[in-house]
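A.B. asks: Pasting a structure here, questions to come.
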Amino acid sequence: MLALIYLATTIVLGACVCRRFYCFNSWLHYLAASFLVGLVLSTWATYLLALAFAWSSKPLVGANVLFFLLAVLAIYNLRPRSMFDPTLSRFRPAGSTVWDAVFIGAFLVAACYLMFGTLWLKDGNVKMAFVVWNDFGPNLSLVQSFAVGHNFPTEYPHFIGPPIRYHFLFWFQAGNLEFLGLNMAWALNLISVLSLLAMLILLMTLGEALFNSRAVGRIGASLFFFPTTLSYAPFLRSQGSFSRAVDAVKHLNHWLWSGYSYRGEDWGIWSLGIYYVQRHLTVATGALLMVLIFVVRRYRDFSDNETKRSPSTRVVKPEPNALPKTAPDTLPDDATRSESLAESTTEMGSLSAPTRAKQEPAFTKQTLGGTLPGFVFSGVLLGLLPMWNSAVFVGAAAVLAVLLILFPLRLQMLALGVAAGMIALPQLIYLSIDGVHTPKLLHWGFTLPDPTMWNVTKYLAFTFGYKWLLIALALVFATGLQRRMFLALSSLILVAFSFQFSIELLINHKFLNTWVTLINLFAAYGLCQLWRARVIGKAAAVVLTVSVTLGGFIEWFRIHNDTIVDVPFRQNRLSDWLQANTTPKDVFLSDRFILHPILLNGRRIFYGWPYFAWGSGYPTGPRDV
-15 MLALIYLATT
-5 IVLGACVCRR
5 FYCFNSWLHY
15 LAASFLVGLV
25 LSTWATYLLA
35 LAFAWSSKPL
45 VGANVLFFLL
55 AVLAIYNLRP
65 RSMFDPTLSR
75 FRPAGSTVWD
85 AVFIGAFLVA
95 ACYLMFGTLW
105 LKDGNVKMAF
115 VVWNDFGPNL
125 SLVQSFAVGH
135 NFPTEYPHFI
145 GPPIRYHFLF
155 WFQAGNLEFL
165 GLNMAWALNL
175 ISVLSLLAML
185 ILLMTLGEAL
195 FNSRAVGRIG
205 ASLFFFPTTL
215 SYAPFLRSQG
225 SFSRAVDAVK
235 HLNHWLWSGY
245 SYRGEDWGIW
255 SLGIYYVQRH
265 LTVATGALLM
275 VLIFVVRRYR
285 DFSDNETKRS
295 PSTRVVKPEP
305 NALPKTAPDT
315 LPDDATRSES
325 LAESTTEMGS
335 LSAPTRAKQE
345 PAFTKQTLGG
355 TLPGFVFSGV
365 LLGLLPMWNS
375 AVFVGAAAVL
385 AVLLILFPLR
395 LQMLALGVAA
405 GMIALPQLIY
415 LSIDGVHTPK
425 LLHWGFTLPD
435 PTMWNVTKYL
445 AFTFGYKWLL
455 IALALVFATG
465 LQRRMFLALS
475 SLILVAFSFQ
485 FSIELLINHK
495 FLNTWVTLIN
505 LFAAYGLCQL
515 WRARVIGKAA
525 AVVLTVSVTL
535 GGFIEWFRIH
545 NDTIVDVPFR
555 QNRLSDWLQA
565 NTTPKDVFLS
575 DRFILHPILL
585 NGRRIFYGWP
595 YFAWGSGYPT
605 GPRDV
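Everything in the sequence shown is counted per our numbering, starting at -15 for the first residue and increasing by one.
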């Protein structure tokens, strides 16, 4: 019960905070933003308070008591009644709320299946899908080190001694919710489902804001569930017949792979598995989406204001998709190309009666003081991410650096960057203390053994397949704003192939995972443009939809057919002995376990499975001797 009250408090706190800085496209956008902002702020506050109580035997007791008191005071001072009256956009494109609900309902079902279907408790054992077992070794150990252990100051349960060098706050919050009353599986799965759902709602909202189409947002978010390389082609071709191919798909128990020497394919780095294994990615990606939505809205306000300020001196050429003056104020989801809005007037739409939205003042240079706080808060939000997922933070920095160059409002964007940097820098320094020195920062080629430009091009073409055709089509019809956003997002590819931030190069795949999640919106826009054409266009849209989702669809069978691993947790003699005869500060000299009842009972081991510590930059060499 306390855990649910805690989550409700975080959402209310997030609502009271973010409504002061953001305008929202819809109530769903508002709820998703409230959850993520509240989760990030509440987790940081609870963890820092727990550090202050590190001297006590149960730091989370004092931390949660103080958090509830401070949260109630903050909510009271931020006028909680206003959280039921957020500023909603007057310019939302028309569309069916029923279809929005259908898509979000489907996303919720899929998220629950992925999270609850890969981790649960039964008969005193932890049951988990084999694909999550490896990564969950250190991550569940972290959860339990907070829930039933005493990991303050925080160390890595698999490598005791140095300070932790791993982004751990998502796993801390799961441990805190377990401490407050949920069991381990429910604590982790609940915030995983809510985080993924919030991220997908924000992805829909970005598609809606950037392309002025609710259909683009829905399709782009749906593509998230079907990440597809071209590996399905050799897999299906190797079966020899249609019936054998169907049977192979039904009984698939491995990720599709290309047959090339591309590292990580057999681990599923391009599959949906990344997001239910590395669950902390969703919170950080959701925060990045919130900031991008805000930046797009500010740019549109600026562009619209510039048009209004100088109507006699500024000639505005209608883009190919501009509306005539007599066009209706709102656009249906299936509007033709000639009916979509020009970039400078994209925000012109009807006032939705049910929302009774507040009017926002047009942006002018005189309102700098009114717009700057939103940029600063966005920077603060991003600056809090390194301890959630440092790769997404680095990727966000790259994207926003390009936006700083390509977009107006550079002073505001600079303020965003300064705020993010000031908060993030101490975290990045802390995460690098006593770590193994990375050979070099600049490294071309990702994990390719021979990274010529031709080989890199082939790799990207194979990895993202026919999605490139849809992206190219989208760019043909795109406005200047959309093309600049594409360039900014594509900086993630450059970062992945040009830098090495860790001794383990493969972790750069997270930049590409983030890129394809966001770029799905451009693929969705390309599909919508095809669909608006004649019969040939609709047929091409169907064929390309199958081409960019077939591999992901096939891999759903791999997810369903996964082997289940049992790990003893509670209700056994070893767990009882550990709880009765050892303390959370005890360290065990053991075999190099991935996961073990020692770790699941909140105890630590001197040296666990080497890959985890090595990949995080710990000096594993001396302990291997």
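From the three backbone atoms N, C-alpha and C, an ideal C-beta is built for every residue, glycine too.
According to the Cβ coordinates, are V653 and I144 closer than 7 Å?
C.D. replies: The chain is shown only over -15 to 609; residue 653 falls outside these bounds and no answer can be derived.
A.B. asks: From A462 to F430, what does the alpha carbon distance come to, in whole angstroms?
C.D. replies: 30 Å
A.B. asks: Whole angstroms are fine: how far does the CA of A399 sit from the CA of I578?
C.D. replies: 43 Å
A.B. asks: Looking at the structure shown, is L451 part of a helix, part of a strand, or coil, going by DSSP?
C.D. replies: Sequence check: residue 451 is Lys here, not Leu. If DSSP states are grouped into helix, strand and coil, K451 belongs with the helices.
A.B. asks: To the nearest angstrom, how far is it from the Cα of V378 to the Cα of N497?
C.D. replies: For V378 and N497, the distance between alpha carbons rounds to 13 Å.
A.B. asks: Buried or exposed for M406, going by 16 or more other Cβ atoms inside 10 Å?
C.D. replies: exposed
A.B. asks: Do you know how far the Cα of H544 is from the Cα of D107?
C.D. replies: 22 Å
A.B. asks: Grab me the residues of H238's own chain with a C-beta within less than 8 Å of its C-beta, minus the 5 sequence neighbours each way, in chain order.
C.D. replies: D250, R542
A.B. asks: Do you know offhand how far Q223's Cα is from Q396's?
C.D. replies: 56 Å
A.B. asks: Determine whether the beta carbon atoms of A404 and L432 lie at a separation below 7 Å.
C.D. replies: Cβ distance not < 7 Å, so A404 and L432 don't count as in contact.
A.B. asks: With burial defined as no fewer than 16 other Cβ atoms inside 10 Å of the residue's Cβ, what is the status of T102: buried or exposed?
C.D. replies: buried
A.B. asks: Run through DSSP, which three-state label would F8 get?
C.D. replies: Collapsing the DSSP output to three states places F8 in a strand.
A.B. asks: Using the C-alpha atoms, what's the distance from N135 back to P43?
C.D. replies: CA-to-CA, the gap between P43 and N135 works out to about 9 Å.
A.B. asks: Check whether the stretch 211 to 219 and the stretch 251 to 269 are in contact - that is, three or more C-beta pairs closer than 8 Å.
C.D. replies: yes
A.B. asks: Could you work out which residue in I589, R607, F448, R284 is closest to P568 when comparing CA atoms only?
C.D. replies: I589
A.B. asks: What's the C-alpha gap between S475 and S362?
C.D. replies: 20 Å
A.B. asks: Once DSSP output is grouped into helix, strand and coil, what is the label at F219?
C.D. replies: DSSP, reduced to helix, strand and coil, places F219 within a helical segment of the structure shown.
A.B. asks: Out of curiosity, what's the CA-to-CA distance linking D285 and S18?
C.D. replies: 23 Å
A.B. asks: Would you check if there are 3 or more beta carbon pairs closer than 8 Å linking the stretch 447 to 461 to the stretch 502 to 509?
C.D. replies: yes
A.B. asks: Answer yes or no: do P141 and L583 have a C-beta to C-beta separation smaller than 7 Å?
C.D. replies: yes
A.B. asks: Can you check whether the CB of I277 is closer than 7 Å to the CB of A193?
C.D. replies: Contact: yes.
A.B. asks: Within 10 angstroms of its Cβ, does K234 collect 16 or more other Cβ (buried), or is it exposed?
C.D. replies: The residue in question, K234, is exposed, as its Cβ has fewer than 16 Cβ neighbours within 10 Å.
A.B. asks: Just to confirm, is the Cβ distance from A509 to F195 under 7 Å?
C.D. replies: Looking at the sequence itself, residue 509 is Tyr, so the reference to Ala does not match. For the 7 Å CB-CB criterion, Y509 and F195 form a contact.
A.B. asks: As a quick exercise: from F152, T81, V132, W593, pick the residue whose alpha carbon is nearest that of L562.
C.D. replies: V132
A.B. asks: Could you tell me whether the Cβ atoms of L164 and A(-13) are closer together than 7 Å?
C.D. replies: Contact annotation: L164 and A(-13) have beta-carbon atoms nearer than 7 Å.
A.B. asks: Please classify S80: is it buried, with 16 or more other beta-carbons within 10 angstroms of its beta-carbon, or exposed?
C.D. replies: exposed
A.B. asks: Just tell me which of L(-3), Q128, W28, G(-2) has its CA closest to the CA of L368.
C.D. replies: W28
A.B. asks: So what does DSSP say about R298, is it helix, strand or coil?
C.D. replies: Interpretation of R298 is limited by its pLDDT of 46, a score under 50 that renders its predicted location unreliable; the figure taken from the coordinates is listed afterwards. In this structure, R298 counts as coil in the three-state DSSP scheme.
A.B. asks: Kindly identify the DSSP beta-bridge partner or partners of W561.
C.D. replies: Partner(s): none; W561 has no beta bridge.
A.B. asks: One question on the structure: do F52 and G46 come within less than 7 Å of each other, judged by their Cβ atoms?
C.D. replies: no
A.B. asks: Distance check for V261 and D119, CA to CA, integer angstroms please.
C.D. replies: 7 Å
A.B. asks: Excluding the 5 residues flanking Y(-10) on each side, which residues of the same chain have their C-beta closer than 6 Å to its C-beta?
C.D. replies: L164
A.B. asks: May I ask you to report which of helix, strand or coil DSSP gives A456?
C.D. replies: Helix at A456.
A.B. asks: Should V93 be labelled buried (16 or more other beta-carbon atoms within 10 Å of its own) or exposed?
C.D. replies: exposed
A.B. asks: Using DSSP with H/G/I as helix, E/B as strand and the rest coil, what is V139?
C.D. replies: The sequence as given places Glu at residue 139; Val does not occur at that position. In the structure shown, E139 sits in a strand (DSSP, three-state: E or B).
A.B. asks: Taking the beta strand (DSSP E) that A113 falls in, what are its first and last residues?
C.D. replies: Start and end: 109 to 113.
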